[in-house]
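Undergrad: To start, I am sharing the structure in question, which I have written as structure tokens.
Chains as they are written, first to last, in this note's numbering: chain H, 1 to 357; chain S, 1001 to 1240.
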């Protein structure tokens, strides 16, 4: 089978499995499971945003949570002021995207090196964290929306169907929306990456100087990639604010921004399915470990297993050392190894094509 | 005399106190093939970097068809029509040979034409059979050709080759020389090379760099006889 038809088969598989998951889950699972899955899926959209800019664009953004949080806050604040969700929804995408474009302009056109890019993006999200934390008093408000400092903004009105204020999306509707958003994001990014633009950003990741010497301006392409990633993270933030009807400054925090990177590392850079798998898997694991909270048992091991951050840290180290490419690329490597071996056995004529591996 | 394709005026690059390139006045005619030789550290690669916008000169000018490009960005210069093959092969190591060439060719050609253009280029650099292999896994000489293919695919007016024959086997060197001669029928070229065999195969006019300046400029047979050049560069190698 050629690479092209294998590719199409993969796409078809993702589409079928995704749609089946979307329509079957609410019928088969309890409502609280559906609710849990919804947030996993929303976070997967966020993971994809970093999967694009880091995995394909080669830009290690340590503060993807900045755009995620901005999306959530933008939605919350405009929603309290407008009351109808069409405009807040759009603003929650456009504003983080615009902020990413502004920040990216200074970083890419200033030719900041990769390490400093990581430092700057991390600093930006921590600045947002600190400033939002210090907005506790009643004097901090935007129109009708009180920012609430470290307590955050509770009771955010949910999304409604575009221009139909009374047609509010319920919990099950939120699951459909989140899953649909993830599928749309996935296929949208696949399309983007298959385009000329996608080829060029991968080329820039591989060898920026060479791309430049061929006549492509890496600054412009990186800026565009970064902006798309920011807008996508804002979109995820909007969905997240809807899911819990709540947003607080922890959304900008170090834990949140580090988590996104871990999802992508575990799932695998340079794939789109990887960050989704990594994100959902790690969240599921964290929840399972958290639920393992010892009620009476005071054994040392049950205490360790209840310590989710510790376990996650161990997992991260294990991945960086043992599976540095991440789950999905490693699985693909193993599969192609066996495929090649079978092919070679089938040839069986003493002639072995030169393989570097 | 017609206006030169490329001209530099007092072109200089100083790193701190080191004068890597110092007041170089250089001119290349349309369609000319020029070889650039000189000992290590003579400033040849720095000179190339200034011509392609990878380094901004300390002072002086680079004129391409009369237009000052000394402050232009590298991608702008590439779009004006100067292509470079760098000293260490600069290719997209993680991509296949075909993807490499496609990336270069697709800036100029529409999607329906690019496939044919890529096929032709693969044929020309002799890598049709290796089209689907990842470039990072190829031998050094083949990677050199991939880079040459990248440069040719952008269809530049002027092609700079920095040690195109380095690390190649004898047959590969001969094929490269053939390719260079073929290119020079339609395009201007500047070739930096240490391999005197290779220079003999392709050169007409040679410029010798030494300590950041132009030492002499002459026809290849005179250069090889020039005692000054032997002193700074060729040494015993040429006498042999």
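Every residue gets a Cβ at the ideal spot worked out from N, C-alpha and C, and that includes glycine. In this text the structure is predicted, and so the values were computed from the model without any measurement.
1) By the 10 Å Cβ neighbour count, where 16 or more other Cβ atoms means buried, how is residue 336 of chain H classified, buried or exposed?
2) Enumerate in chain order the residues of its own chain whose CB-to-CB distance from residue 1236 of chain S is below 7 Å, with the five nearest sequence positions on each side excluded.
3) Taking the continuous beta strand (DSSP E) assigned at residue 1013 of chain S, which residues delimit it?
4) Using the Cβ count rule (16 or more neighbours within 10 Å means buried), how would you classify residue 376 of chain H?
5) Counting C-beta neighbours from all protein chains within 10 Å, is the total for residue 941 of chain S 16 or more, i.e. buried, or is it exposed?
6) Just to check my reading of the structure: residue 45 of chain H and residue 172 of chain H have Cβ atoms closer than 8 Å, yes? What is that Cβ distance to the nearest angstrom?
7) At a CB-CB cut-off below 7 Å, which residues of chain S make contact with residue 343 of chain H?
8) Would you say residue 1103 of chain S lies against chain H (beta-carbon separation less than 8 Å)?
9) Does the pairing of the region 251 to 265 of chain H with the region 10 to 20 of chain H give three or more beta-carbon distances under 8 Å?
10) Hey, residue 249 of chain H and residue 264 of chain H: beta-carbon distance below 8 Å or not?
11) Please report how far the alpha carbon of residue 123 of chain H lies from the alpha carbon of residue 111 of chain H, in whole angstroms.
12) I'd like to confirm the pairing. Which residues does DSSP put opposite residue 153 of chain H in its beta bridges?
13) Measure the Cβ-Cβ separation of residue 1181 of chain S and residue 1202 of chain S and say whether it is below 8 Å.
14) Could you list which residues in chain S have their beta carbon closer than 8 Å to that of residue 199 of chain H, in chain order?
15) In angstroms, rounded to a whole number, what distance separates the CA positions of residue 1064 of chain S and residue 213 of chain H?
16) Going along the region 1136 to 1158 of chain S in order, which residues come within less than 7 Å of chain H, judged by CB to CB distance?
17) Let me check understanding here. Comparing Cα to Cα, which of H:108, H:28, H:55, H:83 lies closest to residue 223 of chain H?
18) Which residue's Cα is closest to the Cα of residue 80 of chain H: H:12, H:237, H:153, H:168?
19) Residues of chain H with CB under 7 Å from residue 1074 of chain S, in chain order?
20) Hey, residue 189 of chain H and residue 126 of chain H: beta-carbon distance below 8 Å or not?
21) Residue 1010 of chain S CB to nearest chain H CB: under 8 Å?
22) Mind listing the chain S neighbours of residue 206 of chain H? Cutoff is C-beta to C-beta under 8 Å, in chain order.
23) Pull up the CB-CB distance for residue 1207 of chain S and residue 1036 of chain S, whole angstroms please, since I reckon it's below 8 Å.
24) Given that a residue counts as buried once 16 or more other Cβ atoms are within 10 Å of its Cβ, and exposed if not, what is residue 1084 of chain S?
25) Would you please verify whether the beta carbon of residue 216 of chain H is less than 8 Å from any beta carbon of chain S?
26) At a Cβ threshold of 8 Å, is residue 203 of chain H touching chain S?
27) Run through chain S and tell me which residues come within less than 9 Å of residue 209 of chain H, C-beta to C-beta.
28) Identify which residue in H:28, H:63, H:146 has its Cα closest to the Cα of residue 120 of chain H.
29) For a test of the three-state rule: what should DSSP assign to residue 29 of chain H, helix, strand or coil?
30) Under 8 Å by Cβ, that's how I've got residue 1096 of chain S and residue 1151 of chain S pegged, so tell me the actual separation to the nearest angstrom.
31) For a quick check, are the C-beta atoms of residue 1013 of chain S and residue 1052 of chain S less than 8 Å apart?
32) Run through DSSP, which three-state label would residue 362 of chain H get?
33) Pick from S:1220, S:1211, S:1154: whose alpha carbon is nearest that of residue 1018 of chain S?
34) Any beta carbon of chain S sitting closer than 8 Å to that of residue 283 of chain H?
35) Using a cut-off of 9 Å between C-beta atoms, extract the partners of residue 1078 of chain S located in chain H.
36) Let's test the definition: count the other Cβ atoms within 10 Å of the Cβ of residue 283 of chain H and tell me whether it reaches 16, buried, or not, exposed.
TA: Let me lay it out:
1) exposed
2) For residue 1236 of chain S, the pLDDT reaches just 44, beneath the cut-off of 50, and the residue's location in the model is therefore unreliable, leaving the point undetermined.
3) 1006 to 1015
4) Nothing can be reported for residue 376 of chain H: it is not among the residues displayed for chain H, which extend from 1 to 357.
5) Residue 941 of chain S lies beyond the range of chain S shown here (1001 to 1240); nothing can be said about it.
6) Not confirmed; about 18 Å, so no contact.
7) Going along chain S, no residue has its Cβ under 7 Å from residue 343 of chain H, so there is no contact; the nearest lies around 14 Å.
8) Residue 1103 of chain S counts as touching chain H.
9) no
10) no
11) 18 Å
12) H:247
13) yes
14) 1099, 1102, 1103, 1106
15) 16 Å
16) For the region 1136 to 1158 of chain S, which is checked against every Cβ of chain H, the residues closer than 7 Å are 1137, 1150, 1154.
17) H:108
18) H:153
19) 212, 213
20) no
21) no
22) In chain order: 1092, 1093, 1094, 1095.
23) 5 Å
24) Per the 10 Å Cβ criterion, buried.
25) Yes, its Cβ sits closer than 8 Å to a Cβ of chain S.
26) Cβ-Cβ to chain S under 8 Å: yes for residue 203 of chain H.
27) 1054, 1074, 1086, 1090
28) H:63
29) coil
30) Actually they do not touch by this definition, with Cβ atoms about 18 Å apart.
31) no
32) Not covered by the structure: residue 362 of chain H. The range shown for chain H is 1 to 357.
33) S:1211
34) No, no contact with chain S.
35) 212, 213, 214, 215, 216
36) buried
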